[in-house]
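*Asks:* First, the structure itself, so that you have it in front of you.
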Amino acid sequence: MSFHHRTALDYVEDTSPGTGMLPPRAWYATSDSTSLSLNGSWRFRLSPTADAEDDSFTEEGYDASDWTEVAVPGHWGLQGHGSPIYTNHLYPFPVDPPHVPTENPTGDHLRVFDLPQDWPGLTEGGAVLRFDGVESCARVWLNGTVLGDFKGSRLPHEFAVGHLLKSVGNVLAVRVHQWSAGSYLEDQDQWWLPGIFRDVTLLHRPTGCVLDFFVHASYDHRSGTGTLRVDSDVDGRVTVADLAIDVKTGEAVTVPVEPWSAETPRLYDGVLVTEGERVPLLIGFRTVELSDGLMKVNGTPILLKGVNRHEWHPHKGRALDLATMREDVLLMKRHNINAVRTSHYPPHPAFLDLCDELGLWVVDECDLETHGFTEQGWRDNPVDDDHWTPALLDRAARLVERDKNHPSVIVWSLGNEAGTGRGLTAMAEWIHERDSTRLIHYEGDLNCRDTDLYARMYADHDEVERIGRGLDGGPRRRRRLPFILCEYAHAMGNGPGGLAAYQRLFERYERLQGGFVWEWIDHGIAHPDLGYAYGGDFGEELHDGNFVCDGLLFPDRQPSPGLVEYKKVIEPVSITGDGTSGTVRVSNKYDFVDLSGLAFSWSYRVEGEAVGSGTLSVPPLAPGESADVHLPEPPPGAPAGEAHWTVCAVLADDTRWAPQGHVVAWGQLTVSGRRAPYVATTARPVSGDAVITLGPGTFDAGTGSLRAVGGVAVSDLRLDVWRATTDNDDGAAWQTDLRYGPLWRRLGLHRVQHRLDAVEIGEDALTVRTRVAPAAREVALSTVYRWTSDGDRLRLTVSVTPRGDWRVPLPRLGIRLGLTAADRVQWFGGGPGEAYPDTRMAAVVDRWQSTVDRMQTPYVRPQENGARIDVRWAELGGLRIEGDPAFFLTARRWTTEQLDAAAHRTDLVPGNSVWVNLDHAQHGIGSQSCGPGPLPQYHLRAEPAEFALVFSSTPVTG
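One point on numbering: in our numbering, the residue at position 436 of the sequence shown is 647, and numbering is uninterrupted.
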C-alpha cells in the first residue's frame, strides 16, 4: 500500500482556484485612497522545473544580486528567458489532467519596495495586494510569509497584506509556473507566454473603505427615465451632480436621463462615498433585454458589427499599456466597428473603461477554453467533471464581479470551445442569479439550454440565411432566440472575402443580429531576422504555424486591406444610386442616432480628374429612414469621358474618437462608362535579323516573344495562371470541403510548361500559338497571342481555350511580364489599396499613384497580394498599358514563384526586374483558412476567354 503525501508544490496540480485570496469584487481605476504601483523592474530567476529551487528567496536579506531583471508587466519568454510556444488547440504537454510535465519552467520574481512618504500609518486601516494577471499559476510571499497561491491567468487576485507591511524594505516574492492544472482551462489559440503580464498594485484600505459595489443603472425608453441603485457591501451615499442625485447606497432613484449606447456613450460622473473612501463612478444608463426573440438595448434591436480581440503587442505580448488599448478602441471606432468580443478571456480592465467612454458593445468572455480535449472526443473534459466546478465558478465570479459596473458589457460569455458539461451549466446558473440584467453567450451550447443567444462560428452564407429565415430546426427554445456569428470571416492573410454577402444577410433578416470577425490583430512576434515570427519559429515541438496571424491589423497595428474592406461593408450610412437619375439615395443604418452629426459632400470626376465639388444637403434622417437627395447638375463644360459622382459622409464636428472631416461612409455612382481602347490595324509585321518588328514592338523571330515596346525592354511575357497561394486558398488541414490551394498544386498549376506551337506572320498581325499545361496531366490551355498595331501602339489579344477535363477553377488568368526598371506606378481604376473579386467594396475608381514597393501588402506570411482591381490603364517603367476590358494590376520586385516559396517577409529579396501581372480575372479569396471558401460566383472557372491589352511607351517620370 502506498500513500500520497501532500507537498509544498501540490498547489500546481490542484484543480482548485487557489488559497488565501480575498473574494472577487468590482475593479475601479482610482479613488482617494493611497495606492502604490509595483510595476517596473523585478529581479528574476528562471528554473527548468517547479521544484528546482527552494523558497529561501522569499526571506528578508536574500541576496539576489546575481539574478537577472525582467519588466513587470511582461512575459519572461519575450525578454530573453525561454521561448514562446504557439498552438491553436493542441496542449503542448501530455494530456493527463490535472497533471503537468516535470519540465515546468518556473520564474521566481523578487521586488523590494518601501512605502511612499504619503502612505498612511501602518496601524491606520489595512492594505490589499492586487495582481491583475499572471500566467498560469503563482504563489506569493510578502516579507517571508506565504500569502497564498492562485490560478486564472487573465483574472484579478487580491490578498490582505496590511498586517505584514513595513515602512521600508518590504520583500515581495512571486513564484510563477508556466504549467499548472489551470493550463487545462486556458487552451485559447494564442502564444503560451508565462509571466506577471498585468499590473501589480498595493492598495491602502482605510477603515470604512469601499469593498464591493454594484451599480444598477437601467433605462426606460418609454418614459425616458433612468433608475439608479448602487448596492454596496459598506454603507455610504451616492451622488450624481448632473442629475441632482444624493441617495443612500441600496436606495433606488428614478430621474430623466440621456441613455448610454455604443453610438451615444453618455456617462454621468458620480461618487460613491463611504466612511473611509471616495470612489469616482462613471454611470451609463441602459437596459439589455431579450424581447420578441431579439436582443434589445433601450428597447431597440441592435446589429453587432464586431471583432474578436485578443490582447497583443509584437514586443510585449499581452502586456498592453493604456495607450495601446486606446489606440485599439480608436481604430475600431474609426473603422465603423461597434462591438468587441473579448476572446477568449476578460481584457485588461482599463480596456472596458475605454469601451464605456468611447462607445463599444462588449461580449465579455470568461477565461476558459479546453479545446485540446477534442483530440480525445472530449473525454475527461474538465467542464464535465465536478472536481473542476469550483475553479469554473471562481472564474465566472471573478469575471462578473470585476466587470459588472461597465455599461458597455451587454453579454457575459461562459468561455470558448470548451465542449459541454455540468460545469458550464453551473456557471450559467450562477451568472443568471448574480446578474439578470445581461444576456449569456456560449457558442458550444448548440441547444441553448443555458444561454440567451444562438451563436455559431464560421457558418457559411447559405446556412446563415436558413437561420435568418427560421429554417434551421433544432429545439423550439433555440429557434426563438436571436442569432449571432461569434466568429466569422477568418482574417488570415489576404482576405477575408465574402464580407459584403454576410452583411446583406444580417441586414435582411431581423433574427441575424450580426457577428464578430476573427480577429483584430496578427499575433506576430517582432524578430530581428524574420520580421515577425509565428508558430514554429522558436523550435516548438508542436505548433500551428502562422494560424496565429489572422487579424485585421498587422502586428504593428497598421490596418490591413481586410480592415479597410470591413469599414466599407459595415458603414452606418448607405449611399447608392445609378448616377444618371440626378438623385442619390441616402439611408441611415445607425440603431440610435440620426444623421445630424454628419456632413455630406459631392465630387464630380471625369477620367479620374476633378471637375467639380461641393456640399450636399441631407436631412437628419432617423435610424432606418432613407431619402432620395438631389444631386447638382454636372459641372458645365465637363469634358467627355468616364464620369463618376462620389458622395461622402464625414463627421461634422470633432468627436472623442475622430476629428471633424473623418470619413464615415461614401458611395460612388457611375454617370458614363469608359470607352474601350481602339487600335487601328494599319501597321504590318516586318521580319528582320532574328527579330520581327510591328509598330513600336520588337519580337524574337524564333519564339514570337515580345522583347521591347519602343525603348522599353520587356521580358518573359506569357500567360500566367498561378498565384502564390493565400492562407484562404490553402485552407486548414482539418477541413473536409474542397481546398483549392492543395488541389492546384496537385494538378501542377504552379509549374506549368509553355509549348510553342507556331509563330505566324500575317498581313496585319503577328500570331503566336502555344499550349500551356502542367507535367503529368492531360489538361491544357490552348493560348493564342495576336499582336496588331497602328504604328504607335501595340495591341495584344489573348484567346484561351481549355482542353481536357478541368475540374478545378484557376487561381488567376492573365499575362505576366518583366521590366528591367520601374518604380513609380500610376493607374486609373480601383484603389488605393488591393482588391479581389470578393474583397472589392472599398475600391474607389479614381486616378492613383504609388511605388512598386508601396504596392506590396506586407502579410506576415508572404502570399498573393497587392492587386488593384478594375484598372483601365496603368503606367510604369516607361510603359503604358490599357485594358479591354479592365484588368487587375500587380507589380513586384520578385517573381510569383519566389513569393510562393517565402515563409517570412525577409525571405523576399528584390531582384533586377519588376514583375507585372495584368490579369483578366482572379479567383475569389473567401475565408477558408477557417471558414467557407469563395462563393460560387467568385470562382474563376476554366472556360474560353478572350481579353486585350494595349501597350505603348511613355516618358518615365518620378
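Quick reminder that beta carbons are idealized off the backbone N, C-alpha and C, glycines included.
Go ahead and pull the three-state DSSP assignment for P1171.
*Replies:* The structure shown does not extend to residue 1171, since the chain is modelled only from 212 through 1169, so no value can be given for it.
*Asks:* Just to confirm my understanding: we take V784, look at its own chain, exclude 5 residues before and 5 after, and list those with CB closer than 6 Å. What are they?
*Replies:* Only A860, A876 meet the Cβ criterion.
*Asks:* State buried or exposed for V797, treating a residue as buried only when at least 16 other CB atoms are found within 10 Å of its CB.
*Replies:* buried
*Asks:* Let me check one thing: in DSSP terms, what residues is G823 bridge-paired to?
*Replies:* Y815
*Asks:* May I ask you to report which of helix, strand or coil DSSP gives D839?
*Replies:* Here D839 sits in strand by DSSP.
*Asks:* Among G1044, V379, V306, G318, which has the Cα closest to the Cα of W330?
*Replies:* For the residues G1044, V379, V306, G318, the minimum Cα distance to W330 belongs to V379.
*Asks:* Let me know the secondary structure DSSP gives V306 once reduced to three states.
*Replies:* coil
*Asks:* Give me whichever residues DSSP pairs with Q964 in a beta bridge.
*Replies:* A984
*Asks:* How would you write the range of the alpha helix (DSSP H) that E568 sits in, first residue to last?
*Replies:* 560-569
*Asks:* Among I651, Q769, K778, which one has its Cα closest to the Cα of L710?
*Replies:* K778
*Asks:* Would you mind listing the beta strand (DSSP E) stretches within the stretch 413-446 that are 3+ residues and don't spill past its ends, in chain order?
*Replies:* 424-431, 436-443
*Asks:* Which residue marks the beginning of the alpha helix (DSSP H) containing P772, and which one marks its end?
*Replies:* 772-780
*Asks:* Can you give me the C-alpha to C-alpha distance between T1165 and A534, rounded to a whole angstrom?
*Replies:* Just so you know, the alpha carbons of T1165 and A534 end up roughly 48 Å apart.
*Asks:* Which partner residues of K507 appear in the DSSP bridge assignment?
*Replies:* E500, P512, per the DSSP bridge assignment.
*Asks:* Enumerated in chain order, which unbroken segments of the beta strand (DSSP E) with a length of 3 residues or greater are wholly contained in the stretch 212-257?
*Replies:* 246-248
*Asks:* Would DSSP call F408 helix, strand or coil?
*Replies:* coil
*Asks:* Using 9 Å as the threshold, is the C-beta distance between L1174 and S624 below it?
*Replies:* One cannot answer for residue 1174 here, as it falls past the ends of the chain, which runs 212 to 1169.
*Asks:* Could you give the DSSP three-state label for I548: helix, strand or coil?
*Replies:* coil
*Asks:* Would you report the Cα separation of R719 and V890, rounded to the nearest angstrom?
*Replies:* 47 Å
*Asks:* Is the shortest distance between the beta-carbon of D671 and the beta-carbons of chain D less than 9 Å?
*Replies:* Here there is only one protein chain, and chain D is not present.
*Asks:* Could you give the DSSP three-state label for G1041: helix, strand or coil?
*Replies:* strand
*Asks:* Just mark W945 as buried or exposed, buried being the case when its beta carbon has 16 or more other beta carbons within 10 Å.
*Replies:* exposed
*Asks:* Who does H368 pair with in a DSSP beta bridge?
*Replies:* F342
*Asks:* Is there contact here, the stretch 641-656 with the stretch 508-518, by at least three beta-carbon pairs under 8 Å?
*Replies:* no
*Asks:* Contact check, V858 vs F811 under 8 Å by CB: the rounded distance?
*Replies:* 6 Å
*Asks:* In its own chain, which residues sit with a C-beta less than 6 Å from the C-beta of T197, not counting the 5 before and 5 after it?
*Replies:* Outside the shown range of the chain, which is 212 to 1169, sits residue 197, and nothing can be said about it.
*Asks:* Give the single residue among I621, A1046, D671 whose Cα lies nearest to the Cα of D663.
*Replies:* I621
*Asks:* My parser needs the alpha helix (DSSP H) runs of 4 or more residues fully inside the stretch 912-969; what are they?
*Replies:* 938-941, 951-958
*Asks:* So if DSSP puts V858 in a beta bridge, which residue, or which two residues, is it bridged to?
*Replies:* W813, G878
*Asks:* Quick test of the definition: if touching needs 3 or more C-beta pairs under 8 Å, does the stretch 764-782 touch the stretch 435-444?
*Replies:* The stretch 764-782 and the stretch 435-444 do not touch, with fewer than 3 CB-CB distances between them shorter than 8 Å.
*Asks:* On the CB-based measure, 16 or more other CB atoms within 10 Å of its CB, does S792 come out buried or exposed?
*Replies:* exposed
*Asks:* Along the chain, where does the beta strand (DSSP E) containing G588 start, and where does it finish?
*Replies:* Where G588 is concerned, there is no enclosing beta strand (DSSP E), given that its DSSP letter is neither H nor E.
*Asks:* Give me whichever residues DSSP pairs with A1132 in a beta bridge.
*Replies:* L1024
*Asks:* I'd like to check one pair, I678 with L723: are the Cβ atoms closer than 9 Å?
*Replies:* yes
*Asks:* Cα separation between S267 and Y699?
*Replies:* 51 Å
*Asks:* Grouping DSSP H, G and I as helix and E and B as strand, with all else coil, what is N354?
*Replies:* coil
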